[in-house]
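Enquirer:
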Amino acid sequence: MVRAALLAAVGIVGHGPAHGAEIEGRAQLDVSNNSVCLGCHSNPVFATPGADEKIRSLHVSEAVFAASVHGKMQFPCVTCHVRIKGLPHKKPTVTPAEWRRSIPDLCGNCHAKQRAAYEKSVHGDEVIWKNNAKAAVCSDCHRPHEVERPATASARLAITQNCGNCHANSLKSYTQTYHGQITRLGYAYTAKCFNCHGSHGIQRTRDPNSKVHPDNRLKTCQQCHTGATKGFVTFEPHANTHDYGRYPYMWAASKFMIALLLSVFAFFWTHSTLWFYREYRDRRDRRDRRDRREGDRREDKSAPHVVTGELPQLQGKHFSRFGPAWRIAHLAFAGSVMMLVLTGMAVLYAETGWAKFIVGALGGPRAAGILHRVSAAIMLGIFFIHLVYMAIRVVPTWKLSHWFGPTSLVPNWKDLRDMLAMFEWFLGKGPRPAFDRWTYWEKFDYWAVFWGMAIIGGSGMMLAFKETIASVLPGWVFNVATLVHGEEAILAAVFLFTVHFFNNHFRPDKFPLDIVMFTGAIPLEEFKREHTLEYKRLVQTGQLEKYLVDAPSQPMTLGSTLLGFTLIGVGLTLLVLVFVGFAGVLNGS
Numbered sequence: 002m003v004r005a006a007l008l009a010a011v012g013i014v015g016h017g018p019a020h021g022a023e024i025e026g027r028a029q030l031d032v033s034n035n036s037v038c039l040g041c042h043s044n045p046v047f048a049t050p051g052a053d054e055k056i057r058s059l060h061v062s063e064a065v066f067a068a069s070v071h072g073k074m075q076f077p078c079v080t081c082h083v084r085i086k087g088l089p090h091k092k093p094t095v096t097p098a099e100w101r102r103s104i105p106d107l108c109g110n111c112h113a114k115q116r117a118a119y120e121k122s123v124h125g126d127e128v129i130w131k132n133n134a135k136a137a138v139c140s141d142c143h144r145p146h147e148v149e150r151p152a153t154a155s156a157r158l159a160i161t162q163n164c165g166n167c168h169a170n171s172l173k174s175y176t177q178t179y180h181g182q183i184t185r186l187g188y189a190y191t192a193k194c195f196n197c198h199g200s201h202g203i204q205r206t207r208d209p210n211s212k213v214h215p216d217n218r219l220k221t222c223q224q225c226h227t228g229a230t231k232g233f234v235t236f237e238p239h240a241n242t243h244d245y246g247r248y249p250y251m252w253a254a255s256k257f258m259i260a261l262l263l264s265v266f267a268f269f270w271t272h273s274t275l276w277f278y279r280e281y282r283d284r285r286d287r288r289d290r291r292d293r294r295e296g297d298r299r300e301d302k303s304a305p306h307v308v309t310g311e312l313p314q315l316q317g318k319h320f321s322r323f324g325p326a327w328r329i330a331h332l333a334f335a336g337s338v339m340m341l342v343l344t345g346m347a348v349l350y351a352e353t354g355w356a357k358f359i360v361g362a363l364g365g366p367r368a369a370g371i372l373h374r375v376s377a378a379i380m381l382g383i384f385f386i387h388l389v390y391m392a393i394r395v396v397p398t399w400k401l402s403h404w405f406g407p408t409s410l411v412p413n414w415k416d417l418r419d420m421l422a423m424f425e426w427f428l429g430k431g432p433r434p435a436f437d438r439w440t441y442w443e444k445f446d447y448w449a450v451f452w453g454m455a456i457i458g459g460s461g462m463m464l465a466f467k468e469t470i471a472s473v474l475p476g477w478v479f480n481v482a483t484l485v486h487g488e489e490a491i492l493a494a495v496f497l498f499t500v501h502f503f504n505n506h507f508r509p510d511k512f513p514l515d516i517v518m519f520t521g522a523i524p525l526e527e528f529k530r531e532h533t534l535e536y537k538r539l540v541q542t543g544q545l546e547k548y549l550v551d552a553p554s555q556p557m558t559l560g561s562t563l564l565g566f567t568l569i570g571v572g573l574t575l576l577v578l579v580f581v582g583f584a585g586v587l588n589g590s
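In the working numbering, the protein residues as written are 2 to 590.
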């Protein structure tokens, strides 16, 4: 009943004697002529219920088939569909399982060499010798009506994806490697399943003849990595973070990174939320008090508009906080980090549409990789220049007391007390603490770079110089390096574009932008409020005036503002892209 209704819908049955006569007439046609077959099968809705009553499409795209290897050679459909003798088709005399098991022999009529290799493979052993119709046959890997030459990019990508129809977990773990990420971006030049495991002659991994057997693995890797060393043998291309028994290092690294991300974001997002609430409320209260004072002055006509005794003695002056070298370094560092986030996250979240667009716009993965490495060199270069400067200029001249003094970036007990006092202020339990040259969150930002350089920079260098590293370390370190490189990059990017941006730009007292890192100078009144202890110390020692400068020029202020908003805009855009990619991972895309 269902079959009759479906065929009637596509014009095969149900049209009465006239249509029956049409079929009868077409029965005289030569079924070796593909146009006869396509007369029905080119209909996009042509379908039939299978034995399980599920709808099975019978549509064949004429254009797609014509572009295939077989179509270009003008092979008749009946070359493969050998049981089709005329119209209407006779009822099949073989079961679906028998039909599947016959496919290797059918393809072998033309592809004898491939058929011979297949017979000795793990797939052929299952199908030919064990009669397992569920094992892979030719049409599972090569799309039947759109067969392409295996060397083409589209064929390499399609066959790799088709492997996942049976080996879903292996495909998932493969896509978490660099090879798989580039594949998901739509590029075919990295290693695919068949490059490592073989194709028609594929064997079980434990078989001594397998290309990925431990005895053969190094030779297989050297097909692409000519300088591959013994460490490559123990790299796990299908490792995951869930199986402690097989991949203990991956499991441990994953749990550590998850704990790190959760703890950092839980603390600092809570810190930012409470800070926003407290600062917003204080600004509102100050505005209300100011409005009341203005109202009192309007009522008392004799009161002066400004109490001259309260005028700042150095009105309009700025405090020089950062010299040109630091400002240039910060700008170059920020630019390199943003390019690293863009090019790195596009590979990490290769399954997203935005990643494919970005990589394509940059000229492909190879060009994006060059940009990534150049940006990494700039970032690491700035960091090492800073280390050299500290080693030559600062460390030798400092006494031990200076290391934990008021101008030092080294954390001390006062920072802990300040942090606790800030939380008391957030909750209305105490006054806002007074800070010296560096606040505890500024020190955290500074030292976080050292952590980031060690983890992201170190793992990145390992991945960039694989052959050298693999000569002295086991291959599983690349699994761990890949994991921590990506997850630490997520931590750095999200922290920078949420917490760092909030601390310096988005909290009510700073919103919408603080340009001190571009001009180098901060208004004196703001400096007095934000760094009270340093201000008092400089006043007491008579050193304040040597740090005072005129306000930045209008062009400087305008340029700094435009630059600041540009960087913030880029950062927030990158943040959205990271969140979109992360959401896709959570949804299992």
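Note that CB positions come from ideal geometry on N, CA and C, so glycine has one too.
#1: How is F512 classed by DSSP in three states: helix, strand or coil?
#2: For the putative contact between R374 and T408, defined by C-beta atoms under 8 angstroms, what is the C-beta separation to the nearest angstrom?
#3: Where does L549 sit, in a helix, a strand or coil, going by DSSP?
#4: Given this structure, state the Cα-to-Cα distance separating L381 from I457, to the nearest angstrom.
#5: Assuming the contact rule is C-beta atoms closer than 8 angstroms, F427 and R279 should be a hit. Round their C-beta distance to whole Å, please.
#6: Which value, in whole angstroms, describes the spacing of the CA atoms of V213 and T235?
#7: Assign Q541 to one of two classes, buried (16 or more other C-beta atoms within 10 Å of its C-beta) or exposed (fewer than that).
#8: Assuming A449 and L534 form a contact by the criterion Cβ under 8 angstroms, report the distance between their Cβ atoms to the nearest whole angstrom.
#9: Start and end of the alpha helix (DSSP H) containing P366?
#10: How many Å lie between Y447 and K511 at the Cα?
#11: Evaluate W442 with the Cβ neighbour count: other Cβ atoms within 10 Å of its Cβ, from every protein chain shown; 16 or more gives buried, anything less gives exposed.
#12: Please classify P105: does DSSP put it in a helix, a strand, or coil?
#13: Can you give the Cα-Cα distance for D217 and H226, rounded to whole angstroms?
#14: Secondary structure at T176, three-state DSSP: helix, strand or coil?
#15: So within the segment 94-152, which uninterrupted alpha helix (DSSP H) runs reach at least 4 residues, ignoring any that extend past its ends?
#16: Quick check on DSSP: helix, strand or coil for S321?
#17: Would you please state the rounded distance, in angstroms, between the beta carbons of V148 and H71? I believe it to be under 8 angstroms.
#18: Check S200 in the structure and name its three-state DSSP category.
#19: Would you please state the rounded distance, in angstroms, between the beta carbons of A494 and V342? I believe it to be under 8 angstroms.
#20: What are the uninterrupted segments assigned as alpha helix (DSSP H) that are 4 or more residues long and contained completely in the segment 407-476, given in chain order?
#21: In terms of residues, what are the limits of the beta strand (DSSP E) holding T49?
#22: Name the two residues that bound the continuous alpha helix (DSSP H) containing R218.
#23: Who does I85 pair with in a DSSP beta bridge?
#24: Please go through the same chain and pick out, in chain order, the residues whose beta-carbon is closer than 8 angstroms to the beta-carbon of A64, but skip the five residues on each side of it.
#25: Beta-carbon within less than 6 angstroms of L275's beta-carbon, same chain only, minus the 5 sequence neighbours each way: which residues are those?
#26: Counting C-beta neighbours from all protein chains within 10 Å, is the total for R247 16 or more, i.e. buried, or is it exposed?
#27: Under 7 angstroms Cβ to Cβ from M557, same chain only, skipping five residues before and after it: list those, please.
#28: Find the nearest neighbour of T344 within the set E546, K256, Q182, F257, judged by alpha-carbon distance.
#29: For the beta strand (DSSP E) that A522 lies in, which residues bound it at each end?
#30: Going by beta carbon distance, what residues of the same chain come within less than 6 angstroms of N505, once the five residues before and after it are set aside?
#31: Is it right to say Y350 is buried, meaning 16 or more other beta carbons lie within 10 angstroms of its own, or is it exposed?
#32: Going by DSSP, what residues sit across from I56 in a beta bridge?
#33: In angstroms, rounded to a whole number, what distance separates the CA positions of P77 and G487?
#34: Along the chain, where does the alpha helix (DSSP H) containing V395 start, and where does it finish?
#35: Quick check: what's the CA-CA separation for I85 versus V32?
#36: Roughly how many angstroms separate the alpha carbons of Q48 and H90, rounded to a whole number?
Expert: Taking the geometry as given:
#1: DSSP places F512 outside both helix and strand once states are collapsed to three, so it counts as coil.
#2: Not confirmed; about 37 angstroms, so no contact.
#3: Per DSSP, reduced to three states, the secondary structure at L549 is strand.
#4: Distance between the alpha carbons of L381 and I457 is about 10 angstroms.
#5: The C-beta separation of F427 from R279 comes to about 5 angstroms, placing the pair in contact by the 8 angstroms criterion.
#6: One C-alpha to the other measures close to 11 angstroms.
#7: Q541 should be labelled exposed.
#8: Contact flag wrong, Cβ pair sits at about 23 angstroms.
#9: Note, P366: alpha helix (DSSP H), 366-390.
#10: Rounded to the nearest angstrom, the two C-alpha atoms are 20 angstroms apart.
#11: So W442 counts as buried.
#12: Secondary structure at P105: helix, using DSSP grouped into helix, strand and coil.
#13: For the record, residue 217 in the displayed sequence is Asn; it is not Asp. A straight line joining the alpha-carbon of N217 with that of H226 spans about 14 angstroms.
#14: Reduced to three states, the DSSP call for T176 is coil.
#15: Runs found: 97-109, 113-120, 139-142.
#16: DSSP places S321 in strand when its eight states are reduced to three.
#17: Beta-carbon to beta-carbon, V148 and H71 are separated by about 6 angstroms, close enough to satisfy the 8 angstroms threshold.
#18: Note: S200 maps to coil in three-state DSSP.
#19: The pair is a contact, with the Cβ atoms about 5 angstroms apart (cut-off 8 angstroms).
#20: Runs of the alpha helix (DSSP H) inside the segment 407-476: 414-427, 441-453, 459-465, 467-471.
#21: Counting along the chain, the beta strand (DSSP E) containing T49 begins and ends at 48-50.
#22: Secondary structure note for R218: its alpha helix (DSSP H) is the uninterrupted segment 218-222.
#23: In the DSSP output, where bridge partners are listed per residue, I85 has none listed.
#24: Excluding residues up to 5 positions away in sequence, nothing lies with its Cβ nearer than 8 angstroms to the Cβ of A64 in the same chain.
#25: Only F427 meet the Cβ criterion.
#26: For R247, the number of other beta carbons within 10 angstroms of its own is below 16, and it is reported as exposed.
#27: T520.
#28: Scanning E546, K256, Q182, F257 for the CA closest to the CA of T344 turns up Q182.
#29: Note, A522: beta strand (DSSP E), 522-524.
#30: D515, listed in sequence order.
#31: Classification of Y350: buried, given that the 10 Å Cβ count is 16 or more.
#32: Answer is P50.
#33: In this model, P77 and G487 are separated by some 51 angstroms (Cα to Cα).
#34: Annotation for V395: no alpha helix (DSSP H) segment contains it, and DSSP assigns it neither H nor E.
#35: For the pair I85 and V32, the Cα-to-Cα distance works out to about 8 angstroms.
#36: According to the sequence displayed, residue 48 carries Ala and not Gln. Rounded to the nearest whole angstrom, the CA to CA distance from A48 to H90 is 14 angstroms.
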